[in-house]
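Chains as they are written, first to last, in our numbering: chain F, 1 to 385; chain Z, 386 to 770. Working notes, beginning with the structure itself.
Number of protein chains: 2
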Amino acid sequence: MRDVAIIGIGQTKVGEHWDTGLRHLALEAVQAAVKDAGVDHIDALYVGNMLSGELAGQEHLGALVADFSGMRGVEAFKVEAACASGAAALRLGYVAVAGSMADVVLVVGVEKMTDQMGPQATSALAMAADADYEAAQGLSFVTINALLMRRYMYEYGYKKEDFAPFTINAHANAMHNPYAMFHQRVDVKAYVNARMIADPINLMDSSPVADGAAAVVLAPSDWARRLGRKGARIIGSAVATDTVAVHDRHDPLVLEGAAISSYKAYEQADIGPEEIDFFELHDAFSIMAALSLEAAGFAQRGGGLRLALDGEIGIHGRLPVATMGGLKARGHPVGATGIYQAVEAVQQLRDQASENQVPNARIGMIQNIGGSGATVITHILERIE
Amino acid sequence: MRDVAIIGIGQTKVGEHWDTGLRHLALEAVQAAVKDAGVDHIDALYVGNMLSGELAGQEHLGALVADFSGMRGVEAFKVEAACASGAAALRLGYVAVAGSMADVVLVVGVEKMTDQMGPQATSALAMAADADYEAAQGLSFVTINALLMRRYMYEYGYKKEDFAPFTINAHANAMHNPYAMFHQRVDVKAYVNARMIADPINLMDSSPVADGAAAVVLAPSDWARRLGRKGARIIGSAVATDTVAVHDRHDPLVLEGAAISSYKAYEQADIGPEEIDFFELHDAFSIMAALSLEAAGFAQRGGGLRLALDGEIGIHGRLPVATMGGLKARGHPVGATGIYQAVEAVQQLRDQASENQVPNARIGMIQNIGGSGATVITHILERIE
Numbered sequence: 001m002r003d004v005a006i007i008g009i010g011q012t013k014v015g016e017h018w019d020t021g022l023r024h025l026a027l028e029a030v031q032a033a034v035k036d037a038g039v040d041h042i043d044a045l046y047v048g049n050m051l052s053g054e055l056a057g058q059e060h061l062g063a064l065v066a067d068f069s070g071m072r073g074v075e076a077f078k079v080e081a082a083c084a085s086g087a088a089a090l091r092l093g094y095v096a097v098a099g100s101m102a103d104v105v106l107v108v109g110v111e112k113m114t115d116q117m118g119p120q121a122t123s124a125l126a127m128a129a130d131a132d133y134e135a136a137q138g139l140s141f142v143t144i145n146a147l148l149m150r151r152y153m154y155e156y157g158y159k160k161e162d163f164a165p166f167t168i169n170a171h172a173n174a175m176h177n178p179y180a181m182f183h184q185r186v187d188v189k190a191y192v193n194a195r196m197i198a199d200p201i202n203l204m205d206s207s208p209v210a211d212g213a214a215a216v217v218l219a220p221s222d223w224a225r226r227l228g229r230k231g232a233r234i235i236g237s238a239v240a241t242d243t244v245a246v247h248d249r250h251d252p253l254v255l256e257g258a259a260i261s262s263y264k265a266y267e268q269a270d271i272g273p274e275e276i277d278f279f280e281l282h283d284a285f286s287i288m289a290a291l292s293l294e295a296a297g298f299a300q301r302g303g304g305l306r307l308a309l310d311g312e313i314g315i316h317g318r319l320p321v322a323t324m325g326g327l328k329a330r331g332h333p334v335g336a337t338g339i340y341q342a343v344e345a346v347q348q349l350r351d352q353a354s355e356n357q358v359p360n361a362r363i364g365m366i367q368n369i370g371g372s373g374a375t376v377i378t379h380i381l382e383r384i385e
Numbered sequence: 386m387r388d389v390a391i392i393g394i395g396q397t398k399v400g401e402h403w404d405t406g407l408r409h410l411a412l413e414a415v416q417a418a419v420k421d422a423g424v425d426h427i428d429a430l431y432v433g434n435m436l437s438g439e440l441a442g443q444e445h446l447g448a449l450v451a452d453f454s455g456m457r458g459v460e461a462f463k464v465e466a467a468c469a470s471g472a473a474a475l476r477l478g479y480v481a482v483a484g485s486m487a488d489v490v491l492v493v494g495v496e497k498m499t500d501q502m503g504p505q506a507t508s509a510l511a512m513a514a515d516a517d518y519e520a521a522q523g524l525s526f527v528t529i530n531a532l533l534m535r536r537y538m539y540e541y542g543y544k545k546e547d548f549a550p551f552t553i554n555a556h557a558n559a560m561h562n563p564y565a566m567f568h569q570r571v572d573v574k575a576y577v578n579a580r581m582i583a584d585p586i587n588l589m590d591s592s593p594v595a596d597g598a599a600a601v602v603l604a605p606s607d608w609a610r611r612l613g614r615k616g617a618r619i620i621g622s623a624v625a626t627d628t629v630a631v632h633d634r635h636d637p638l639v640l641e642g643a644a645i646s647s648y649k650a651y652e653q654a655d656i657g658p659e660e661i662d663f664f665e666l667h668d669a670f671s672i673m674a675a676l677s678l679e680a681a682g683f684a685q686r687g688g689g690l691r692l693a694l695d696g697e698i699g700i701h702g703r704l705p706v707a708t709m710g711g712l713k714a715r716g717h718p719v720g721a722t723g724i725y726q727a728v729e730a731v732q733q734l735r736d737q738a739s740e741n742q743v744p745n746a747r748i749g750m751i752q753n754i755g756g757s758g759a760t761v762i763t764h765i766l767e768r769i770e
């Protein structure tokens with residue numbers, strides 16, 4: 001198995017891109033990543049996307065993005081795993097390069113959601129849940145997470161405002177990320193007073209519907225060294241699934257898929273959670289941030305929130321999370337998010353994170369979650385010195 | 386690179402399954418394939434599907450099928466490349482096993498289209514075309530193919546009824562395939578008199594909207610030999626893309642993607658077209674059958690139809706095609722079709738094709754086409770003696 005590195009990164013600003021199309025967004029990220037990598041040829045293109053069919057009437061993004069990016073003819077596919085579609089494409093790119101089936105793979109995540117804001121986006125996102133046994137009962141994605149959050153508060157005795165640190169941290173970090181959607185600080189008062197969406201989830205617990213594209217170029221690590229590229233080696237790559245419907249789980253507050261995915265990645269990297277210098281977690285809702293910290297071994301059951309309340313998740317804390325704004329404040333263009341996480345981790349490991357630089361960041365973990373924990377994809381990245 | 390074999394196959398009958406769901410169809414194919422392979426464990430599951438979001442409000446089929454098939458936890462994704470989604474999943478499964486990143490991969494193609502017959506299915510299928518530059522102009526998938534067919538007739542001087550042999554052959558072969566959707570013989574009169582859809586394409590030029598699922602189990606070839614499995618080695622696997630919009634091509638009557646994909650597969654297999662004993666082609670429309678025969682090197686430009694008119698495409702002809710009914714008569718549940726082709730090729734190479742057995746079949750080629758040739762995926766399979 002070959003050692004694989006990310007040798008180039010690219011991203012568009014996350015936001016409401018009403019004046020441009022899906023293929024143009026992808027192109028912008030692709031051009032930046034290819035230029036950054038300094039490659040003149042790629043062997044394959046994997047596109048992570050969840051909603052282009054439902055929201056733009058366009059499937060077949062592999063061929064579409066390949067052609068529009070000037071790579072007509074190249075092997076290309078779309079990969080989908082709900083909100084983990086970006087990391088799914090990254091995982092398959094990793095498999096191809098690690099297994100010596102390709103040398104240079106371009107992975108792009110792209111999503112354009114804001115053309116269809118409101119009910120249509122909510123209904124489209126519900127396709128990540130179980131259509132027959134959840135959505136058909138009137139559950140949307142946010143209401144499923146609201147049930148989980150309420151249960152978490154009940155089981156462990158937390159108050160609503162105890163979740164505020166995740167949001168405050170994400171918005172603080174996004175202030176210095178020019179690609180982030182939001183550049184507004186949030187305090188406890190703003191968090192508590194935000195508009196309610198599905199009690200107890202309010203607007204400040206929820207990542208925003210957004211447009212965006214991000215891309216990475218994968219190649220064997222010895223290429224990266226030979227070309228003198230600073231960047232990141234992928235030292236762990238793992239996927240696990242769980243039931244799509246939350247009611248089928250052994251315990252709704254334990255993300256078993258996230259635990260299995262995390263520990264498979266630790267095992268491959270031959271490290272434990274204590275060696276992770278920062279964690280780009282999947283804070284689609286603040287309850288998901290808490291649950292994923294616990295599943296990944298950074299906190300005991302019910303302790304994910306405690307980590308945040310104790311001030312450990314900031315840039316200078318014990319475990320910085322959402323270092324460039326996370327899903328909450330950078331924005332969550334669903335199929336692109338997993339690639340944004342990879343791009344941001346590489347920025348950290350290259351010392352390119354400016355005011356958000358995690359001191360001495362050597363190993364970072366990124367985790368992309370599809371549905372309410374039904375697909376969990378974890379990658380562990382290490383600095384190339 | 387490891388040698389990869391298909392060691393198990395499974396399929397459901399193709400048709401209108403109004404009394405069952407997407408996950409149940411997938412399960413039926415998965416159970417058959419896993420039993421046929423005699424494996425008690427799989428490393429990963431790749432699902433080929435195009436339309437579950439649009440037609441069933443359900444994405445996230447990787448996790449959904451994994452859980453429903455009793456494989457909760459396993460690595461799983463959905464792969465999409467329009468009507469080539471099935472072969473795209475097969476290709477990625479091949480990459481994982483050939484590159485030693487997985488030992489046993491289950492690949493399932495599933496599609497459920499008939500719950501939404503009529504305009505909604507036509508509109509969903511148009512997502513394989515270019516949404517901005519084709520569909521937005523009112524072109525559907527069938528009208529794009531109608532333009533190609535008309536041009537073909539004009540350029541080469543063929544009449545409408547010259548296309549009849551493809552349909553007659555497909556329906557004749559489907560008579561003996563219990564999994565096929567149609568069991569009616571078609572003659573020239575029935576072909577010519579069929580209801581017009583988009584002139585010159587009539588109902589007998591078009592593959593039907595259908596439900597179905599098919600599955601294969603991939604493993605290293607030395608396992609197959611050790612277990613004494615008769616089956617098929619994958620000796621060629623190749624993907625090429627082209628423009629999604631037909632008007633962007635150098636020549637609308639030349640499927641460049643199909644030519645590149647075919648010749649890459651021949652090169653890997655170290656054979657030429659003359660060594661192919663049968664060809665499971667992508668006869669979504671009869672014009673596609675003609676164009677793909679030319680692109681794959683079985684006929685000169687404009688000669689694809691001649692091959693059919695000369696009686697060469699029957700079971701005992703020089704190049705049998707659509708040996709179990711093809712897309713036209715077995716049916717075309719789009720994301721499943723590429724896996725049906727693989728299943729049928731293995732039936733031929735195991736001498737399990739009953740009345741449709743191609744004599745002395747040793748090497749078969751399968752080709753799955755997404756859009757009007759924008760993604761073309763070719764696999765060449767060889768008998769395991």
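Every residue, glycine too, gets a C-beta built ideally from N, C-alpha and C. Predicted model, so just to flag it, every value in this text is computed and none were measured.
*Establish whether the CB of valine 74 of chain F and some CB of chain Z are separated by less than 8 angstroms.*
So yes, valine 74 of chain F belongs to the interface.
*Closer than 7 angstroms: is that where the CB of valine 358 of chain F sits relative to any heavy atom of the ligand SAM?*
Inclusion of the ligand SAM in the displayed structure is not the case, the ligand content being empty and no account of it being possible.
_Contact check, serine 237 of chain F vs alanine 258 of chain F, beta carbons under 8 angstroms_ = no
_glycine 57 of chain F: contacting residues in chain Z (beta-carbon distance under 7 angstroms)_ = Met512, Ala516, Ala520
_For valine 573 of chain Z and alanine 549 of chain Z, which I take to be in contact (beta-carbon distance under 8 angstroms), what is that distance rounded to the nearest angstrom?_
Contact holds; Cβ gap of about 5 angstroms.
*What span of residues does the beta strand (DSSP E) with leucine 327 of chain F cover, start to end?*
It is not in any beta strand (DSSP E) - leucine 327 of chain F carries neither H nor E in the DSSP assignment.
_Short of 6 angstroms in beta carbon distance, which residues of its chain neighbour methionine 1 of chain F, apart from the five on each side in sequence? Order them along the chain._
Taking methionine 1 of chain F as the centre and dropping the five residues before and after it, the same chain places the C-beta of Ala98 closer than 6 angstroms to its C-beta, in chain order.
_Here's the rule: buried if 16 or more other CB atoms are within 10 angstroms of the residue's CB, otherwise exposed. What is serine 739 of chain Z?_
exposed
*Is the beta carbon of methionine 175 of chain F less than 8 angstroms from the beta carbon of valine 186 of chain F?*
no
_Which complete alpha helix (DSSP H) runs does the stretch 281 to 321 of chain F hold, if anything under 4 residues is left out?_
Fully enclosed alpha helix (DSSP H) runs of 4 or longer: 286 to 295, 304 to 309.
*Determine the extent of the beta strand (DSSP E) in which glutamate 75 of chain F is found, giving its start and end residues.*
75 to 80
*Do glycine 710 of chain Z and asparagine 562 of chain Z have their C-beta atoms within less than 8 angstroms of each other?*
yes
_Taking the beta strand (DSSP E) that alanine 604 of chain Z belongs to, which residues open and close that run?_
597 to 605
*With a cut-off of 8 angstroms, does the C-beta of histidine 282 of chain F fall near any C-beta of chain Z?*
no
*Whole-angstrom C-beta distance between tyrosine 576 of chain Z and glutamate 540 of chain Z, which should lie under 8 angstroms*: Between glutamate 540 of chain Z and tyrosine 576 of chain Z the beta-carbon gap is near 22 angstroms, outside 8 angstroms, which marks them as no contact.
*asked:* Please state whether the Cβ-Cβ distance between methionine 498 of chain Z and aspartate 596 of chain Z is less than 8 angstroms.
replied: yes
_glycine 15 of chain F in three-state terms, based on DSSP_ = strand
_Which of the three DSSP states is assigned to serine 100 of chain F in this structure?_
coil
*Roughly how many angstroms lie between the CA atoms of glutamate 385 of chain F and alanine 33 of chain F, to the nearest whole one?*
20 angstroms
*Just the Cα atoms here: how many angstroms apart are leucine 305 of chain F and alanine 290 of chain F?*
5 angstroms
*asked:* On a Cα-Cα basis, can you pick out the residue from F:Asn356, F:Ser372, F:Ile366, F:Gly370 that is closest to threonine 378 of chain F?
replied: F:Ile366
*Using a beta-carbon distance below 8 angstroms, is isoleucine 260 of chain F in contact with chain Z?*
yes
*asked:* I need the DSSP call for valine 631 of chain Z, collapsed to helix, strand or coil.
replied: helix
*Runs of alpha helix (DSSP H) wholly within the stretch 421 to 470 of chain Z (minimum 4 residues, chain order)*: If we require 4 residues or more, the alpha helix (DSSP H) runs fully inside the stretch 421 to 470 of chain Z come out as 437 to 441, 446 to 453.
*Is it the case that the Cβ atoms of alanine 37 of chain F and valine 217 of chain F are separated by a distance below 8 angstroms?*
Valine 217 of chain F is positioned such that its CB atom lies closer than 8 angstroms to that of alanine 37 of chain F.
_I want to verify the contact list: residues of chain F whose CB lies under 8 angstroms from the CB of aspartate 627 of chain Z, in sequence order._
Taking the beta carbon of aspartate 627 of chain Z as reference, the chain F residues within 8 angstroms of it are Ala63, Asp67, Arg72, Gly73, listed in sequence order.
*Of all the options Z:Ile765, Z:Val743, Z:His632, which has the alpha carbon lying nearest to the alpha carbon of alanine 520 of chain Z?*
Residue Z:His632 is the option with its Cα nearest to alanine 520 of chain Z.
*Among Z:Asp517, Z:Val731, Z:Thr552, Z:Leu640, which has the Cα closest to the Cα of leucine 533 of chain Z?*
Z:Leu640
*According to the Cβ coordinates, are aspartate 277 of chain F and glycine 364 of chain F closer than 8 angstroms?*
Yes, they are a contact pair.
*asked:* Restricting to runs no shorter than 4 residues, where is the alpha helix (DSSP H) found entirely within the stretch 527 to 579 of chain Z?
replied: List check, alpha helix (DSSP H) in window: 549 to 559, 573 to 578.
*For arginine 350 of chain F, does the three-state DSSP call read helix, strand or coil?*
Secondary structure of arginine 350 of chain F (DSSP, three-state): coil.
*Beta-carbon proximity check, methionine 181 of chain F vs valine 14 of chain F, cutoff 8 angstroms*: yes
_Classification of threonine 405 of chain Z by the beta-carbon crowding that lies within 10 angstroms, buried from 16 upward_ = Around the beta carbon of threonine 405 of chain Z, fewer than 16 other beta carbons sit within 10 angstroms, so the residue counts as exposed.
*asked:* Counting only beta-carbon separations shorter than 8 angstroms, does phenylalanine 462 of chain Z have a partner in chain F?
replied: yes
*For threonine 507 of chain Z, which of helix, strand or coil comes out of DSSP?*
Correct three-state label for threonine 507 of chain Z: helix.
_Cβ closer than 9 angstroms: which chain F residues qualify as neighbours of alanine 481 of chain Z?_
Leu92, Val95, Ala96, Gly99, Met101
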